Amino acid sequence: MLYGLIGFAVVWAALNLYWAIRYREYRKFLAGAFFVSWGMQVYFYFMNVSVPLAGTSFVFTPQISFWRSFPHLVLFLLCAYYGFFHKPKAPLSGQQ
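Note that the working numbering has the sequence shown beginning at 33, numbered continuously upward.
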């Protein structure tokens, strides 16, 4: 069961990476999702809220939320830049 879940997670991550590289609108969507996720992690840290992981006895402390916010901020900035501001290169002449 665990290997099946890990395999599914790897396939899902690969598909998301493919969609993010190929489609600008998907990068815009991801920018919004990472912005909200970053904001919630920072909020949990500043409000000193511990968040339980559903279905387990594990609890994310505010300090874990603080450190989890940094990758979300970086991913938000990358997706926002490549989704909203970066102009795609024109294809070379003769290619379609």
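From the three backbone atoms N, C-alpha and C, an ideal C-beta is built for every residue, glycine too. Every value quoted in this text rests on a predicted model; they were computed, and no experiment measured them.
{"query": "C-beta atoms of residue 108 and residue 66 nearer than 7 Å", "result": "yes"}
{"query": "Anticipated Cβ contact below 8 Å, residue 97 with residue 70, distance rounded", "result": "The Cβ separation is near 10 Å, so there is no contact."}
{"query": "Contact under 7 Å by Cβ, residue 135 with residue 90", "result": "With the chain covering 33 to 128 only, the question about residue 135 has no answer from this structure."}
{"query": "The alpha helix (DSSP H) enclosing residue 34, as first and last residue numbers", "result": "34-54"}
{"query": "Neighbour-count burial assignment, residue 87, 16 or more Cβ in a 10 Å radius", "result": "exposed"}
{"query": "Simplified DSSP assignment, three categories, for residue 81", "result": "coil"}
{"query": "Residue 104 classed as buried or exposed, judged by whether at least 16 other C-beta atoms fall within 10 angstroms", "result": "buried"}
{"query": "Span of the alpha helix (DSSP H), counted from its first residue to its last, around residue 112", "result": "94-112"}
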